[in-house]
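For the sequence shown, the numbering used here gives the first residue as 12, with consecutive numbering after it.
We treat Cβ as the ideally placed atom computed from N, Cα and C, and that holds for glycine.
Since the structure is predicted, the reported quantities are computational estimates derived from the model, not experimental observations.
The block underneath contains the structure these notes are about, expressed in structure tokens.
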Amino acid sequence: MDTITSIFREKKLKLTPQRIAVYKYLQTTCEHPSAESIYKALQPEYPTMSLATVYKALKTLVEVGLVNEINVGEGNFRYDANSSSHSHIQCMHCGKVEDLHGICFADLNETAKNNSGYDILSNKIYFYGICPECKKQELIV
């Protein structure tokens, strides 16, 4: 909580209970939820919070760098409070999105720079496949 407090103070932004709730929720999950999923999860504890408020809180959290917005190409964004550099993998059957660790892409930025002449600022790499749970279900069905 010290991080969010200091960042909001530095940026001269108001740290509302709704922003704190959205951020805390994202810190407690590895599921990479959509705004709608976050809204539904917080609804029992924050019944007066609207979906628009969740979207606004997410936008602010992304802008200050506390949350990453993930676009895996399904028409809506997912959110991740893990701001370390990592890739994601999505199951094409159930839609689950997970962190993918243990693969280093440090050389990829240098290769892209050498092949393009651009100064590479960042990259986003997504993988798509079938998760182990869905593979098991396909064998059963």
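Boundaries for Asn87: no beta strand (DSSP E) harbours it, and the DSSP string shows neither H nor E there. Short of 7 Å from the beta carbon of Leu119, and not among the five residues preceding or following it, lie these beta carbons of its own chain, in chain order: Asn134.
Secondary structure at Phe19: helix, using DSSP grouped into helix, strand and coil. Ser95 sits away from Ile114, with the two beta carbons spaced by 8 Å or more.
Taking a C-beta distance under 8 Å as the contact criterion, Ile49 and Val73 do not qualify as a contact pair.
Looking only at Tyr137, Met103, Asp110, Thr122, the smallest Cα-Cα distance to Glu149 is reached by Met103. Rounded to whole angstroms, the separation of the alpha carbons of Ser127 and Lys107 is 34 Å.
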